[in-house]
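A.B. asks:
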Amino acid sequence: MAEAVTFKATEGLSVPGIRHGFFLRTGGVSEGIYASLNCGRGSRDRREAVDENRARVAMVLGVSPASLIGPYQIHSPKAVIAHEPWGPGDAPQADAVVTATPGLAVSVLTADCAPVLLADAQAGVVAAAHAGWKGAKAGVLEAAIEAMESLGAKASRISAAIGPAISRRAYEVGPEFRAAFTEGAPENDKYFSDAFGGRPHFNLPAYVVDRLVTAGVKTAEDIGVCTLENESILFSYRRTCLRSQPDYGRQISAIVVG
């Protein structure tokens, strides 16, 4: 059996008592456009394949498949606290999950948005956040940090890592996006570049890092891997749209205490 493969953060999260991974699309059983480690229950992939893929992720993390949980993502600023596993049909609508429960792996799914894993190893509190531009702008990262602090974490001790996400070079947007993003916040224009052609390009990872730093975290690391540009190892929603494909896979990012 092929093992699910992950990227690991090189700082902050690589500490005793914390296990984490930004999992790639390789090492699973899904086929076709979902090949091979598609962990998205919201995709039209075979349910049996997704369940097996998630079980492989759980095995790498050292938890039971039932203890690998994530939210029903809605591009919101909402964070929830998990004390115990929930079933696939009971996932709350949110875009960040926080826990201090040993052996409970919290996760998010992405396919261009930024997956963010956070940990205060001293307090034994971790979180996973799904940060697309909409959720990041609305405050999902700050909500995750606030929820962590309610469990005993401190922002000044939190290490955060941003996993594979669409890069500025690949993230072409329209002028209306730029206008909406900078309205009332002209300083946000620094996240846009006109160096890649006629339309602006948005730097989502840099924006996420800056939101984390402004929130006072100890470290914020971007592993710097683009989803669109690395087809062999990562799913990308934008790639699917460019090719007019009917659906797409989702990679999972997860973190656990203990």
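In the numbering used here, each number is its position in the sequence shown, counted from 1, plus 17. Idealized CB from N, CA, C, for every residue including glycine. A quick note: this is a predicted structure, and the numbers were derived from the prediction, not measured.
1. Start and end of the beta strand (DSSP E) containing serine 270?
2. Please classify threonine 244: does DSSP put it in a helix, a strand, or coil?
3. When burial is assigned at 16 or more other CB atoms within 10 Å of the CB, is glycine 59 buried or exposed?
4. Is the Cβ-Cβ distance between isoleucine 269 and phenylalanine 24 less than 7 Å?
5. Give the straight-line distance between the Cα atoms of arginine 185 and leucine 135, rounded to the nearest whole angstrom.
6. Would the beta-carbon of valine 157 fall within 7 Å of that of valine 274?
7. Report yes or no: do the stretch 173–185 and the stretch 246–256 share at least 3 C-beta pairs separated by less than 8 Å?
8. Where does leucine 121 sit, in a helix, a strand or coil, going by DSSP?
9. Should leucine 30 and alanine 178 be called a contact, given that it needs their Cβ atoms to be closer than 7 Å?
10. What's the gap between the Cα of isoleucine 91 and the Cα of alanine 52?
C.D. replies: If we stick to the structure as given:
1. First-last of the beta strand (DSSP E) with serine 270: 268–274.
2. Residue state, collapsed to three classes: coil.
3. With fewer than 16 Cβ atoms within 10 Å of its Cβ, glycine 59 is classed as exposed.
4. Contact flag unset, no.
5. Roughly 23 Å separates the two Cα atoms.
6. Annotated as distal: valine 157 and valine 274, with beta-carbon spacing of 7 Å or more.
7. A contact exists between the stretch 173–185 and the stretch 246–256.
8. Residue state, collapsed to three classes: coil.
9. Yes, they are a contact pair.
10. Straight across, the Cα-Cα distance linking isoleucine 91 with alanine 52 is about 24 Å.
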